[in-house]
Every structure is written in C-alpha cells, then in structure tokens.
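Colleague: Using the working numbering, the first residue of the sequence shown is number 173, and each one after it goes up by one.
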Amino acid sequence: MDMKEGMRKLCSPVLKMFESGEGDYDYKSSYRTILIVLGGLCFVIASISMMMTLATGEAAGVIPIMLFLLTGLVCEIVGFLGSDRAVARIWKRR
C-alpha cells in the first residue's frame, strides 16, 4: 500500500461524505487548485487568529481558530486526496 492510499484510508470518514452519490458531476481541474489554495488560506487565518488570541489572552479567539483550522483541513484533505467527484461536490451539490 502506498502512502496516498494509506492517507485516503485514514481520512475516509471525511472523504466518504463528498465521494458518495451517483450520476453526473461538473469537475474542472481548477476546482482542485482553488480548493487547495483556499485550504492554505484558512490555515494562515487560523495561525493569525492563534497568534492574536495568545497575545490578547482572550478565550473567545478559540472559536475562529477551530473554525478556520477545520475548514482548512477539510479543504486540504479533499483537494489532495479526494476523487474528482469529491472536489466537484464541494463546489456544487447535485
């Protein structure tokens, strides 16, 4: 088993949500690129939020950190490991 298949197996609960379904889907290669960039931006925002939260000591800063961290993680998992159907389902529900 190669590394990508091992990671797909580890992330299968997330991937199953987006890879399920039947029928046609509208996929463009730019969707995957945009998804990966969006995930990276979410990680950057989460990092900035963490720095600001630590600097101010405000406990409410945990909410945006978790929100952007989770969003970035899902985007990166689907962008790097997901099938074309999974990437297309992130953009459009059919």
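Heads up, the beta-carbon is just placed ideally off N, CA and C, and yes, glycines get one too.
Note that the coordinates shown come from a computational prediction; the quantities given were computed from them, not determined experimentally.
Would you call the segment 223-233 and the segment 203-212 touching, i.e. three or more CB-CB distances under 8 Å?
Modeller: No: fewer than three Cβ pairs fall under 8 Å.
Colleague: Rounded to whole angstroms, what's the CA-CA distance from K176 to S221? Just pull it up for me.
Modeller: Spanning the two alpha carbons is a distance of roughly 31 Å.
Colleague: Quick check on DSSP: helix, strand or coil for E230?
Modeller: Correct three-state label for E230: coil.
Colleague: Could you check if Y203 belongs to the surroundings of the ligand SAM, using beta carbon to heavy atom distance under 6 Å?
Modeller: The ligand SAM is not part of the structure shown, which contains no ligands of any sort.
Colleague: Using only the alpha-carbon positions, how far apart do K200 and T225 sit?
Modeller: Whole-angstrom Cα-Cα distance: 38 Å.
Colleague: Once you ignore the five residues that flank F215 on each side, which residues in its own chain have a CB closer than 6 Å to its CB?
Modeller: Cβ neighbours of F215 beyond the five flanking positions: G244.
Colleague: By the DSSP assignment, the alpha helix (DSSP H) with K200 in it spans what residues?
Modeller: Run containing K200: none; DSSP gives neither H nor E here.
Colleague: Is DSSP giving E177 helix, strand or coil here?
Modeller: Looking at E177 - three-state DSSP - the assignment turns out to be helix.
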